[in-house]
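J.: Numbers 1 to 419, taken from the UniProt record's numbering, label the letters of the sequence shown in order.
Think of the CB as a built atom: it goes at the ideal place given N, C-alpha and C, for glycine as much as any other residue.
Here the structure is a predicted model, which means the values were calculated and not measured.
Have a look at this one before I ask anything.
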Amino acid sequence: MDFNRIKEKLNILADAAKYDVSCSSSGSNRTNKNNGLGNTGNGICHSYTEDGRCVSLLKILLTNHCIFDCAYCVTRKSNDIQRAAFKIQEVVDLTINFYRRNYIEGLFLSSGIFKSADHTMERLIAVAKKLREEENFNGYIHLKSIPGASDELMYEAGLYADRLSVNIEIPTISGLKLLAPDKNHADFIKPMLKVKNEIIRYKEEKKIIKHTAKYAPAGQSTQMIVGATGESDKDIMYSATHFYKNYNMKRVYYSGYVPISMDSRLPSLGTEVPMLRENRLYQTDWLLRFYGFSVNEILDADNPNLDMDIDPKLMWALRNLNFFPVDINKADKHMLARIPGVGMGSVNKILNGRKFRKLDWDHLKKMGVALNRAKFFIICNSTDWERRDLDAARIRSMILQNSKSKFKNQYTNQLSLFN
């Protein structure tokens, strides 16, 4: 094995994989010395298994060669970049060697599409199959589903991978046609539907046959690029809701577009990555999945975009002051979860704590309630409360005056670029 060439490939293909955020990635920078194989500064990310454990993954592309010319993608065929491709055995050897050095516990493997969707998917599956059957590797494997891959290949992929994901990329069909005219939206949906149906079938068979072969036990996920086209937050979140509801997605990821080329269809080079907007979308996603909100309560025709200054729960509360103030000692779980500054952990503490006594401001502070926001929307076992006769604009102003955000210097006007 030519270690220098493998290291060069790793540098190229790990760097190309960084734009895919659908494995909850964060960096690691543990290095090897004396020219050994295994510099983890490139290609190591963190993810979470089905039981909640955090694991380190080798995150790479099989190749950055691609037959498509998607305007938003760094590996598009017209882009003048270094190209490389791993052999199947090279990926297997890298994974096992990194695993034995305790650098990783699994593999996140994606790829540019070369020759055809089925040819690319076959090679991704071959890596996972070799790891499972020849190396007896039982670590976490996340494989990217290639749009347009056959049902037979998608079934086989789920037998070896813990999680599968096909990135929808652009939230709307019109946006996809604008930036990737060679791609068909139906090709993205086909593998999603197959994986969904196979997971349902596996769960049903498991009830009857104890030793049924596992199929994608960590489910499937997808990713949407934010800010490449003029979609509103409403467009993005309605699309996400559609995928959660109709394809049983475990997660939908939102990736702020990083300008990589001069193209009149895209934000210009130097435009800030919409990180704050990305964060607001994740907050909204969380409200939909864990707090009992429906998407049309937060975003509708009159409010198509999220407020970048305040979080979406506070945005909803200010538009619906008629629901407040909420009595902490009487409200049900559903209503407690809608109070700004009150997370689900605090909701459960409130429900347990008020079984023994009426709660006051000190109790709520100890339970982790963010009183700088919550105090305008609740009453408790105290004669003091902060709502008074303030209107929504005044409450918003007072909260912002006393708030600090890590995104303060990252406000972006990217949406206005498409007006």
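Should Ser110 go down as buried or exposed, given a rule of 16 or more other Cβ atoms within 10 Å for buried?
T.: It counts as buried.
J.: Taking the straight line between their C-alpha atoms, what separation do you get for Val91 and Ser150?
T.: In this structure, the straight-line span from the alpha carbon of Val91 to that of Ser150 is close to 23 Å.
J.: Considering only the alpha carbon of each residue, which of Asp389, Cys70 and Asp93 lies closest to Ile113?
T.: Cys70
J.: Could you spell out the range, first to last residue, of the beta strand (DSSP E) harbouring Arg251?
T.: Arg251 to Gly256
J.: Between Asp235 and the rest of its own chain, which residues show a CB-CB distance below 7 Å, the 5 nearest in sequence each way excluded?
T.: Pro171 and Thr172
J.: Measure the C-alpha to C-alpha separation of Met224 and Lys250 and round it to an integer number of angstroms.
T.: 14 Å
J.: Count the C-beta pairs between the segment 306 to 320 and the segment 338 to 350 that are closer than 8 Å, then say yes if the count reaches three, no if not.
T.: yes
J.: To the nearest angstrom, report how far apart Val195 and Leu153 are at their CA atoms.
T.: 11 Å
J.: Kindly indicate which three-state DSSP category His185 falls into: helix, strand or coil?
T.: helix
J.: For Ala216, which beta-bridge partners are listed by DSSP?
T.: In the DSSP secondary-structure assignment, Ala216 is not bridged to any residue.
J.: Which word fits Leu57, buried or exposed, when buried means at least 16 other C-beta atoms lie within 10 angstroms of its C-beta?
T.: buried
J.: Which ranges would you report for the alpha helix (DSSP H) in the segment 72 to 129 if only whole runs of at least 4 residues count?
T.: 88 to 100 and 117 to 129
J.: Quick check on the burial criterion: 16 or more other C-beta atoms within 10 angstroms. Buried or exposed for Gly106?
T.: Counting Cβ neighbours within 10 Å, Gly106 comes out buried, since at least 16 surround it.
J.: Could you check the C-alpha separation between Ala218 and Cys54 for me, to the nearest Å?
T.: 13 Å
J.: Counting only the same chain and skipping the five closest in sequence on each side, list residues whose C-beta sits under 8 Å from that of Tyr160.
T.: Ile125, Ala128, Lys129, Leu131, Arg132, Ile141 and Leu143
J.: Compute the Euclidean distance between the alpha carbons of Ala85 and Pro147, then round it to the nearest angstrom.
T.: 20 Å
J.: Identify every residue that forms a DSSP beta bridge with Arg277.
T.: The bridge partners DSSP lists for Arg277 come to none.
J.: Nearest to Ala317 by CA position, among Tyr215, Leu94, Ile168 and Phe376, is which residue?
T.: Phe376
J.: My assumption, with CB atoms under 8 Å, is that Asp233 sits in contact with Pro304. Please give the rounded CB distance.
T.: 7 Å
J.: Going by C-alpha distance, which of Asn352, Ala331, Met237 and Asp332 is nearest Leu288?
T.: Met237
J.: For Gly36, which residues from the same chain have a beta carbon less than 8 Å from its beta carbon, with the 5 sequence-adjacent residues on both sides left out?
T.: For Gly36, the predicted structure reports a pLDDT of 42, less than 50, and the residue's modelled location is therefore unreliable. The matter cannot be settled from this model.
J.: Taking just the CA atoms, how far does Gly368 sit from Arg277?
T.: 26 Å
J.: Using a 10 Å radius around the Cβ and a threshold of 16 neighbouring Cβ atoms, would you call Met262 buried or exposed?
T.: exposed
J.: Tell me where the beta strand (DSSP E) around Val55 begins and ends.
T.: Cys54 to Leu61
J.: Could you name the residues of the same chain whose beta carbon sits closer than 6 Å to that of Ile168, not counting the 5 residues immediately before and after it, in chain order?
T.: Same-chain partners within the cutoff: Phe188, Thr222 and Met224.
J.: Less than 9 Å between the beta carbons of Leu193 and Thr120, yes or no?
T.: No, the pair does not count as a contact, with Cβ atoms beyond the cut-off.
J.: Taking the continuous alpha helix (DSSP H) assigned at His242, which residues delimit it?
T.: Asp233 to Tyr247
J.: If you count every other CB in all the chains shown that lies within 10 Å of the CB of Gly227, and 16 or more means buried, which is it?
T.: Counting every other CB atom within 10 Å of its CB across the protein chains shown gives Gly227 a total of 16 or more, marking it as buried.
J.: Pair every Cβ in the segment 353 to 363 with every Cβ in the segment 290 to 302, then say whether three or more of these pairs are closer than 8 Å.
T.: no
J.: Please work out which residues of its chain come closer than 6 Å, Cβ to Cβ, to Phe418, disregarding the five sequence neighbours upstream and downstream, and give them in chain order.
T.: No answer about Phe418 holds up, because its pLDDT of 43 lies below 50 and its placement is not dependable.
J.: Quick check on DSSP: helix, strand or coil for Arg201?
T.: helix
J.: Would you call the CB atoms of Tyr215 and Gly175 closer than 9 Å?
T.: no
J.: What is the DSSP secondary structure of Arg163, counted as helix, strand or coil?
T.: strand
J.: Which of the three DSSP states, helix, strand or coil, is assigned to Tyr291?
T.: Secondary structure of Tyr291 (DSSP, three-state): coil.
J.: Name the DSSP beta bridge partners of Ser221, please?
T.: Ser165 and Arg251
J.: Rounded to the nearest angstrom, what separates Asn34 and Arg100 at their Cα positions?
T.: Because Asn34 carries a pLDDT of 47, less than 50, the predicted location of this residue cannot be relied on, and the following value inherits that uncertainty. Approximately 18 Å, taken between the alpha carbons.
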